[in-house]
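Enquirer: Using my numbering, the letters of the sequence shown correspond one by one to residues 1041 to 1395.
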Amino acid sequence: MIGKEKKCIGIIFGGSSNEHYVSISSAKTVFKALISKTNKERFNVRAFYINKYGVWFDNNQSLEILKDNCRVDSTNKFQLLPKREINFLHNIEFHSIDIWFPLLHGLNGEDGAIHGLLKFTQKPLVGGGILGSALGMDKILMKKIFSTLAIPQVNYLAIQNQNIGEDNVKNNLSVEIIEKLNLPVFVKPANSGSSLGISKAKNKSEIIYALQKAWEIDSRIVIEEGLDVRELECGIIGNIKLSTSEVGEVLYSTDWYDYDSKYSLDNKIIIPADIDSQVSKKIKKIAIQSCRALHIYGFARVDFFLEKISNKIFLNEINTTPGFTSKSMFPMLWNASGLNIDQLVAKLIDISSDS
Ligand SMILES: Nc1ncnc2c1ncn2[C@@H]1O[C@H](COP(=O)(O)OP(=O)(O)O)[C@@H](O)[C@H]1O
Ligand SMILES: [Mg+2]
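#1: Identify whether K1046 lies in helix, strand or coil by the three-state DSSP scheme.
#2: Ignore the nearest five residues each way along the sequence and tell me which others in L1267's own chain have a CB closer than 7 Å to its CB.
#3: Using the beta-carbon count (16 or more within 10 Å), is E1081 buried or exposed?
#4: Quick check: the region 1326-1342 against the region 1357-1374, are there 3 or more CB pairs under 8 Å?
#5: Applying the 10 Å Cβ sphere with the 16-neighbour rule, what's the burial state of D1316?
#6: Three-state secondary structure (DSSP) at E1264?
#7: Cα separation between L1388 and N1212?
#8: Quick one: does the C-beta of D1306 sit closer than 7 Å to a heavy atom of ligand 2?
#9: Have a look at L1334, L1291, I1263 and D1108 and flag the residue whose alpha-carbon is nearest the alpha-carbon of E1273.
#10: In whole angstroms, what is the alpha-carbon distance linking N1231 and G1237?
#11: Report the partner residues of I1064 according to the DSSP bridge assignment.
#12: Should the region 1087-1098 be called in touch with the region 1173-1187, which here means at least 3 C-beta pairs below 8 Å?
#13: Use the C-beta contact count for G1378: other C-beta atoms within 10 angstroms, 16 or more gives buried, fewer gives exposed.
#14: Y1196 by DSSP, collapsed to three states: which one?
#15: Using a Cβ-Cβ cut-off of 8 Å (strictly less than) and excluding sequence neighbours within five positions of S1283, which residues of its own chain qualify?
#16: Please list, in chain order, all residues of the same chain as Y1297 whose beta carbon is under 8 Å from its beta carbon, the five residues on each side excluded.
#17: Using DSSP bridges, identify the partner residues of P1142.
#18: At a cut-off of 7 Å, is L1165 close to ligand 1 when judged by its beta-carbon and the heavy atoms of the ligand?
#19: In the DSSP output, which residue or residues are listed as bridge partners for F1354?
#20: Output the distance between the C-alpha atoms of K1220 and I1204, rounded to the nearest integer angstrom.
#21: In the DSSP assignment, the beta strand (DSSP E) including N1084 goes from what residue to what residue?
#22: Where G1152 and S1301 are concerned, what is the direct C-alpha to C-alpha distance, given to the nearest angstrom?
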């Protein structure tokens, strides 16, 4: 490409969240797309791997991981830096980066933390900003905002500012939950991912156990009425104008989409989902409306429930850094909508903006 300078893309991946390995797979997919035949003339890549203990690695070591030349476990020897020392951006050359591509899933990444940090480098980034990321991650605030806009969601209760570690608090809460919601319920930490810390509970003792489990991850908890549902997902891309992908359905063989089933090979993804065109249209409309409501832009995956008995749609959640592995729904949705992975990655970079 004569006359056009190559852009240097800084991929950040790994991270100290429980979705560390998913992030590595996502980063490998994006890296491969950036060095593909279509994109290699446009982009250079610098990589920044953060191990599970929060230690940052330089470009050379990080690229070895993306190229599969180095086992991630070998970075464990750097698991602990001397007490209270943080090597964040220390000895790490980041000035040559033109555009950041953060691919950290879950806490310390998807929640806006990395977006805030990168803002100080004064370089644009792929994806949304601090506010949308934080709101998209927080199941309580997300739901409260959706309620004001009458976006359809399942009945829920939010718990915060209570010491759920105490037995009598859990007991009183379980009584209130049974009074106010139909069983079974799903008990969820307000901030988590990959279904971690979530339980389905169908009686008082299960609710008490589920509250304890969720509380170990987050002191803020959401309890929802559990419905019998199909699970539909829709991708969005854009800034001022948001575009939607086809709607896809995920099929799994377990009772609900828990951690093990999310990473099991038995799942089936069907794109486009076998649903009425009116349902698909409504899902796309709500996907845009809900992203707008939380100030989410760049890219995201919006997840819905379709209740089997009533055919009603409910918004479940928005993921602001959806999985980007070769088997992930987000790239598959766009592939079915006319953008292959190389085109998708280039497009996301082209629309990157200041956080
Ligand atoms: N209210 C509900 N009714 C039925 N199933 C639910 C409900 N809430 C959650 N689930 C099941 O739990 C899974 C994980 O819940 P979700 O809120 O999406 O958490 P995460 O952010 O960890 O993905 C869903 O994909 C679904 O299978
Ligand atoms: Mg989910």
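Even for Gly, the Cβ is constructed at its ideal location relative to N, Cα and C.
Expert: Let me spell this out:
#1: The sequence position of residue 1046 within the sequence shown is 6, counting from 1. It is coil, neither helix nor strand.
#2: Here residue 1267 corresponds to residue number 227 of the sequence shown, with the count starting at 1. Cβ within range, chain order: V1194, F1345 and E1347.
#3: Mapped onto the sequence shown, residue 1081 falls at position 41. It counts as exposed.
#4: yes
#5: Here residue 1316 is taken as the residue at index 276 of the sequence shown, counted from 1. Answer is exposed; the Cβ neighbour count stays below 16.
#6: Locating residue 1264 in the sequence shown gives position 224, where the first residue counts as 1. Strand at E1264.
#7: Numbered from its first residue, the sequence shown carries residue 1388 at position 348. Numbered from its first residue, the sequence shown carries residue 1212 at position 172. Rounded to whole angstroms, L1388 to N1212 spans 48 Å at the Cα level.
#8: Here the question's residue 1306 lines up with position 266 in the sequence shown. D1306 Cβ: outside cutoff for every heavy atom of ligand 2.
#9: In the sequence shown, residue 1273 corresponds to position 233, counting from 1. When each option's Cα is compared against that of E1273, the closest is L1291.
#10: If you number the sequence shown from 1, residue 1231 lands on position 191. If you number the sequence shown from 1, residue 1237 lands on position 197. When rounded, the distance between both Cα atoms is 10 Å.
#11: As a first step, residue 1064 is located in the sequence shown; it is residue number 24 there, counting from the start. According to DSSP, I1064 bridges with nothing at all.
#12: no
#13: Numbered from 1 along the sequence shown, position 338 holds the residue referred to as residue 1378. So G1378 ends up on the exposed side.
#14: Locating residue 1196 in the sequence shown gives position 156, where the first residue counts as 1. Looking at Y1196 - three-state DSSP - the assignment turns out to be strand.
#15: The count along the sequence shown starts at 1 and reaches residue 1283 at position 243. Around S1283: I1276 and I1277.
#16: The count along the sequence shown starts at 1 and reaches residue 1297 at position 257. The residues are S1235, E1271 and V1290.
#17: One-based indexing of the sequence shown puts residue 1142 at position 102. Per DSSP, I1052.
#18: Working through the sequence shown from its first residue, we reach residue 1165 at position 125. No; taking the cut-off as 7 Å, the Cβ of L1165 has no heavy atom of ligand 1 nearer than that.
#19: If you number the sequence shown from 1, residue 1354 lands on position 314. For F1354, which the question treats as bridged, DSSP gives the partners F1345.
#20: Walking along the sequence shown from the start, residue 1220 turns up at place 180. Walking along the sequence shown from the start, residue 1204 turns up at place 164. One C-alpha to the other measures close to 18 Å.
#21: Counted from its first residue, the sequence shown places residue 1084 at position 44. Here the beta strand (DSSP E) through N1084 covers F1083 to I1090.
#22: Looking up residue 1152 in the sequence shown gives position 112. Looking up residue 1301 in the sequence shown gives position 261. Approximately 27 Å between the Cα atoms of the pair.
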